[in-house]
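> Have a look at this one before I ask anything.
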Ligand code: APR
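Numbering (the UniProt record's numbering), first residue to last: 1 to 316.
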């Protein structure tokens, strides 16, 4: 069987992720599912009609699913499943405000993934993502390396973009990093930021760097406040699609992701934003790099914050 990726949830995040994955032209099939009748099929048809213009051969299939797992046969044999199902934030909401409502959705989706695509690598993006990733692992009972979450690639991209804009340099000359949670305890890591190889601290004063750190932490909320309805999806879908690509190509590249941490940085037993090598089995290895004392303290604080919430999801 050819390479197959499923995107669950055909809203803004899911449909743009499906588009990016199809346009990569590295999968044979992209399946897009939703509980809505017709919408995934309509989006799939629309995407397939773009193939002659964009020049890709990947076939997009849309499927509607029911409350008792009806329609989930469509995801059978998926190598990768990206979970975007769930509500987005409204202005003023924190991602944590979505916990209960999205937990119900993600649990149901995860149980069906376990049933219909038992060998898939699962990438969770539904928010609050650190908690939804933990829940997806619980509900699928997949090995922890095969379930991970998207946050760091996006947060890092937001940080990178702000740095590039501030210094008026190309984004490609900037290397940045964020770790920790995808929320209030996000840990942008200035000590790992460089511009054309020069440390960020040599190029900007500390208060300006702190401003960029705060803006990164609020990056999603800034978009939500402007959009008024719904949350960001162009940068988020770029991040999720990149991760699915790293999996299917078994690239082994090191990406900041929400991964199960077992001893790294002196932290154990929690899903947390760290750098990890990504490949065909999901997380190959969590990579521990040197942090400043303040950054390490921030990461530990993030771990404790998400640990408490991740314990709660078991009962949701
Ligand atoms: N199974 C499949 N799809 C579902 C389910 C379910 N059980 N429940 C809801 N959905 C679908 C909705 O029908 C909707 O089409 O999920 C889709 C969500 O789409 P949007 O409302 O457009 O939200 P989106 O911007 O795509 O965000 C999705 O990603 O970034 C996070 O916080 C965001 O949790 C949110 C998720």
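For glycine and all other residues, C-beta sits at the position ideal for the given N, C-alpha and C.
State the CB to CB distance for the pair residue 28 and residue 62, rounded to an integer number of angstroms; the pair is presumed to be in contact (CB under 8 Å).
Wrong, their Cβ atoms sit about 16 Å apart, outside the cutoff.
> Residue 84: which of 257, 114, 150 sits nearest, CA to CA?
150
> Helix, strand or coil for residue 105, going by three-state DSSP, please let me know.
helix
> Could you give the uninterrupted runs of the alpha helix (DSSP H) lying entirely in the UniProt domain "Lactate/malate dehydrogenase C-terminal" (154–310), keeping only those of 4 residues or more?
206–217, 219–227, 234–248
> Pull up the CB-CB distance for residue 255 and residue 276, whole angstroms please, since I reckon it's below 8 Å.
Right, the Cβ-Cβ distance comes to about 7 Å (below 8 Å), so this counts as a contact.
> List the whole-angstrom C-beta distance separating residue 240 from residue 82, where the pair is believed to meet the contact cut-off of C-beta under 8 Å.
Taking a contact as a CB-CB distance under 8 Å, the pair residue 240 and residue 82 counts as one, their CB atoms being some 5 Å apart.
> Where do the N-terminal and C-terminal ends of the beta strand (DSSP E) with residue 87 fall, by residue?
Here residue 87 belongs to no beta strand (DSSP E), and DSSP marks it neither H nor E.
> What residues in its chain sit with their C-beta under 8 Å from that of residue 115, if we drop five residues either side in the sequence?
Counting only Cβ-Cβ distances below 8 Å, and skipping sequence neighbours, we find 69, 72.
> With respect to 7 Å, is the separation between the Cβ of residue 142 and the closest non-hydrogen atom of ligand 1 below this value?
no
> Just to check, is the beta-carbon of residue 108 closer than 7 Å to a non-hydrogen atom of ligand 2?
Only ligand 1 can be found as ligands here, which leaves ligand 2 out of the picture.
> Cα-Cα, which of 299, 304, 316, 286 is closest to residue 148?
286
> Under 7 Å from any heavy atom of ligand 1, does the C-beta of residue 33 make it?
yes
> By the three-class DSSP mapping on this structure, what secondary structure does residue 15 have?
helix
> Looking only at its own chain, which residues have a Cβ that is under 7 Å from the Cβ of residue 266, when we skip the five neighbours before and after it?
none
> For residue 34, does the three-state DSSP call read helix, strand or coil?
strand
> By Cβ distance, which residues of its chain are closer than 8 Å to residue 26, with the 5 residues on each side in sequence left out?
The beta carbon of residue 26 is closer than 8 Å to those of 3, 58, 245, 248, 249 in its chain, skipping five residues each way along the sequence.
> Given that a residue counts as buried once 16 or more other Cβ atoms are within 10 Å of its Cβ, and exposed if not, what is residue 268?
So residue 268 ends up on the exposed side.
> Give me, in chain order, the residues of the same chain whose beta-carbon lies closer than 7 Å to that of residue 137; leave out the 5 immediate sequence neighbours on both sides.
144, 147
> Just to confirm, are residue 304 and residue 288 a CB contact at a threshold of 8 Å?
No; because the gap between Cβ atoms is not below 8 Å, this pair is not in contact.
> Could you have a look at residue 113 and say whether DSSP puts it in helix, strand or coil?
helix
> Just checking my contact of residue 335 with residue 261 at CB under 8 Å: how many whole Å lie between their CB atoms?
In the structure as shown, the chain begins at 1 and stops at 316. Residue 335 is therefore absent and cannot be evaluated.
> Kindly indicate which three-state DSSP category residue 140 falls into: helix, strand or coil?
helix
> What are the start and end residues of the beta strand (DSSP E) that includes residue 63?
59–64
> For the region 155–166 against the region 174–187, are there 3 or more C-beta pairs whose distance is under 8 Å?
yes
> Assign residue 42 to one of two classes, buried (16 or more other C-beta atoms within 10 Å of its C-beta) or exposed (fewer than that).
exposed
> Where does the unbroken alpha helix (DSSP H) through residue 42 begin, and where does it stop?
39–49
> Inspect the beta-carbon positions of residue 317 and residue 224 and report whether they are closer than 8 Å.
Here the chain has residues from 1 to 316 only, and residue 317 is not among them.
> Is residue 103 near residue 316, with beta carbons less than 8 Å apart?
Yes, the Cβ-Cβ distance between residue 103 and residue 316 is below 8 Å.
> Under a three-way DSSP split, which group does residue 313 fall into?
helix
> Can you tell me the Cα-Cα spacing of residue 208 and residue 220, whole angstroms?
20 Å
> Note down, in chain order, each residue of its chain lying with its Cβ closer than 6 Å to the Cβ of residue 283, except the 5 sequence neighbours on either side.
Listed in chain order, the non-local C-beta contacts of residue 283 below 6 Å within the same chain comprise 145, 148, 259, 276, local neighbours out to five positions each way being set aside.
> Sorted by chain position, which residues of the same chain lie with C-beta nearer than 7 Å to residue 270's C-beta, five sequence neighbours on each side aside?
261, 303, 306, 307, 310
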